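Okay, so the sequence shown: first residue is 635 according to this note's numbering, each after it adds one.
Positions of the beta carbon are idealized from the N, C-alpha and C atoms, including for glycine.
Keep in mind that this is a model prediction, so the values were computed, not measured.
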Amino acid sequence: MSALLSIEDLQVAFRLGERGAKTTVPAVKGVSFDIPENTTLALVGESGSGKSVTAMSILNLLPDNAQRSGRILWRGRDLLAASRPALQALRGREIACVFQDPMSSLNPVFSVGAQLCEPLIKHLGLGRRAALARAEALLAETGLPEPKRRLASYPHELSGGQQQRVMIAMALACEPRLLIADEPTTALDVTIQRQILELIARLKDKLRMSVLFISHDLGLVGEIADRVVVMSHGTVREQGDVAQIFSAPQDAYTRALLACRPSLTDTPARLTVIDDHMAGGISASAAGSAAPAAAKNPDAPVVLEVKALAKSFFIKQGLFGKREFKAVQGVNFQLRRGHTLGVVGESGSGKTTMGLTLLRLHEPTGGEVIFDGQNLLKLGARDRQLMRRRIQIVFQNPYASLNPRFTIGQTLIEPMAIHGIGAHTAEREDSARALLAKVGLPSETFFKYPHEFSGGQRQRVAIARCLTLNPEVLVLDEAVSALDVSVQAQVLNLLRDLQDELGLAYVFISHDLAVVRFISDEVLVMKDGQVVEQASAAQILAAPQQDYTRRLLSAVPRGWTPPKSALA
């Protein structure tokens, strides 16, 4: 099979300081692989592995301080030697890109129709009317409902899944030979993720194009890829057909990535982390991962009881009217000390709104939240402030929830000072350092700023900040969804350790059912603001009662599976 694109000994480094500075940081170190025609090749690895830098080097979508060497052959032509006009002619016409965050890729001031028409007019020379007709057909092809009406919509009027469909329609407008999909489903729930994967696969077969699919999730990769390239620290660790990578991986790093992901079928005491495999031995963590999780005390005291919780938003309609949107309706549950309640559902199901309403970050429109014999929804401002010491929240994006102007030490000391914890500053500093050690961060972290850390490290800081107030309940809102599987495993192990040590109770909100299976004792399934199913985690996953729950489970990526003929 002939290669559509060949990357030979690609090296990329980023220059630091002013132009002409000699200090450089290598990001890609001699990467080589081929993308055959009509093939999906997946680049996988952790954050910082160099996979996105490699892909963005193809069309030189890198910042000005990037230095590239090697060869990138597009149908025999070296793109590293191509001029800017030549690359602009290729972009969108022969090679197109779909990025991770569609909202930051779509122009918020232009309608969907205007943005779809731009490449059609620029590359294909279509007139305005013909371009609009083609744009409508593209939206219909990507499965967007009411495509003609959507042409007049703006990006903020669409959901995340709909925005990603628009991005795919734009990328495929000129029927390119190669589609670069950079983490296109990371922020989407499992059902939308499944739809996007099926859409890319269907369009790839229809247009006979090749796809370079970038992801950190091997479960996802196993379902869409023909070939896999595994990267770590800027180098290729292993590459081959998807069957070989999944059934007989040769490299320890590949085996570690496969082992890190939580399973839908069992619940170990701990998840395996990368270091367990790379060290070449069995650590205490790895040994614990083989054992099942210990059973929780079913008679533990109830720390939080929610009765008929409701939250509505009122949307202006007409000149004087308003329309009620019921985001959460009649939610009931009990949370026991040392237990975890998992909350799952699609985007828009109301799970995050429910979590924020518990804490009165959204004011409720009905119901009760009983904590320590008091209804949190009826407390005055002073009592509510005191109660917030005992119920804390960890958000999805730790960088957005940490003050970039504060050092980590200041971030941890501030809540203690506000709530009068500790007799003086020195005592608070000692407590902050002890908490950093508890969440697995070195002492020098105290003087650094959030931008100096990885996503997993920032999430550990966010968890440590919550622990400064000695809470009894943590609400975790998609707290691990944006993390690599290896970092995700570390954070999940940390949460379980803290729960065992401190007796914390968690409300764990997620769209990842495998993660929910690992961390949760009981699961709420939400749809359209209501609880449609509620049972133990094992029962929900083994014998779901509702079609909606079964649909969520069927959408979970399960990786590569041998063909049925091979199993016979």
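Here Ser946 is near Phe959, since their CB atoms are less than 8 angstroms apart. In the DSSP secondary-structure assignment, Ile706 is bridged to Ile641. For the 8 angstroms CB-CB criterion, Pro670 and Ala637 form a contact. When secondary structure is reduced to three states using DSSP, Thr1045 falls in the helix class.
Ranked by Cα distance from Met988, the options Ala715, Val965, Ala929 are led by Val965.
Per DSSP, Ser1120 is one residue of the alpha helix (DSSP H) stretching across 1119 to 1136. In the displayed model, Gln1168 falls within a strand according to three-state DSSP. An exposed status is given to Ser717, since fewer than 16 other beta-carbon atoms sit within 10 Å of its beta-carbon. Below 8 angstroms, enough C-beta pairs join the region 867 to 883 and the region 677 to 688 to call them touching: three or more.
Runs of the beta strand (DSSP E) lying entirely within the region 997 to 1031 and spanning at least 3 residues, in chain order: 1000 to 1005, 1025 to 1028.
Between the region 1139 to 1151 and the region 1111 to 1122 there are three or more C-beta pairs closer than 8 angstroms, enough to call the two in contact. Nearest in C-alpha terms to Leu677, of all of Gly976, Ile879, Gln827, is Ile879.
DSSP places Pro753 in the uninterrupted alpha helix (DSSP H) bounded by 746 to 758. Per DSSP, reduced to three states, the secondary structure at Gly794 is helical. By the Cβ-count criterion, Ala803 is buried, with 16 or more other Cβ atoms from all chains shown falling within 10 Å of its own Cβ. Taking C-beta atoms under 8 angstroms as the contact rule, Pro1084 and Pro1049 fail to qualify, at a distance of about 16 angstroms. For Cys731, the three-state secondary structure derived from DSSP is strand. Remark: three or more beta-carbon pairs, one from each stretch, lie closer than 8 angstroms, so the region 806 to 816 and the region 744 to 762 are flagged as touching.
In summary, Thr1195 is exposed, with fewer than 16 beta-carbon neighbours lying within 10 Å of its beta-carbon over all protein chains present.
Within the DSSP bridge table, the entry for Arg649 names Thr658 as partners. Three or more pairs of CB atoms, one per stretch, sit closer than 8 angstroms, so the region 965 to 979 contacts the region 933 to 951.
Within its own chain, the residues whose Cβ lies closer than 7 angstroms to the Cβ of Asn741, once the five positions on either side in sequence are excluded, are Gln749, listed in chain order.
For Leu905, the CB contacts under 7 angstroms within the same chain, skipping 5 residues up- and downstream, are Cys894, Pro896, Ser923, Ala1123, Leu1126, Asn1127, Phe1152 in chain order. In this structure Ser1120 touches Val907 by the C-beta definition: roughly 6 angstroms separates them, less than 8 angstroms. In the structure shown, the three-state DSSP call for Glu872 is strand.
Where Lys950 is concerned, the enclosing beta strand (DSSP E) starts and stops at 936 to 951. Secondary structure note for Phe967: it is in no alpha helix (DSSP H), and the uninterrupted beta strand (DSSP E) holding it is 955 to 970.
Per DSSP, reduced to three states, the secondary structure at Val1141 is strand. Residue state for Glu817 is assigned as coil, using DSSP reduced to three classes.
DSSP, reduced to helix, strand and coil, places Lys663 within a strand of the structure shown. Following the DSSP letters along the chain, one finds Ser849 inside the beta strand (DSSP E) bounded by residues 844 to 849. Annotation: the continuous alpha helix (DSSP H) that includes Val824 extends over 824 to 841. Apart from the 5 residues on each side of it in sequence, Ala1071 sits with its Cβ closer than 8 angstroms to the Cβ of Ser1077 in its chain, given in chain order. Secondary structure note for Val1149: its alpha helix (DSSP H) is the uninterrupted segment 1147 to 1153.
Within the same chain, and ignoring the five residues on either side of Ile826 in sequence, the residues whose Cβ sits closer than 6 angstroms to its Cβ are Gly795. By the neighbour-count criterion, in which a residue is buried when 16 or more other Cβ atoms sit within 10 angstroms of its Cβ, Gly710 is exposed.
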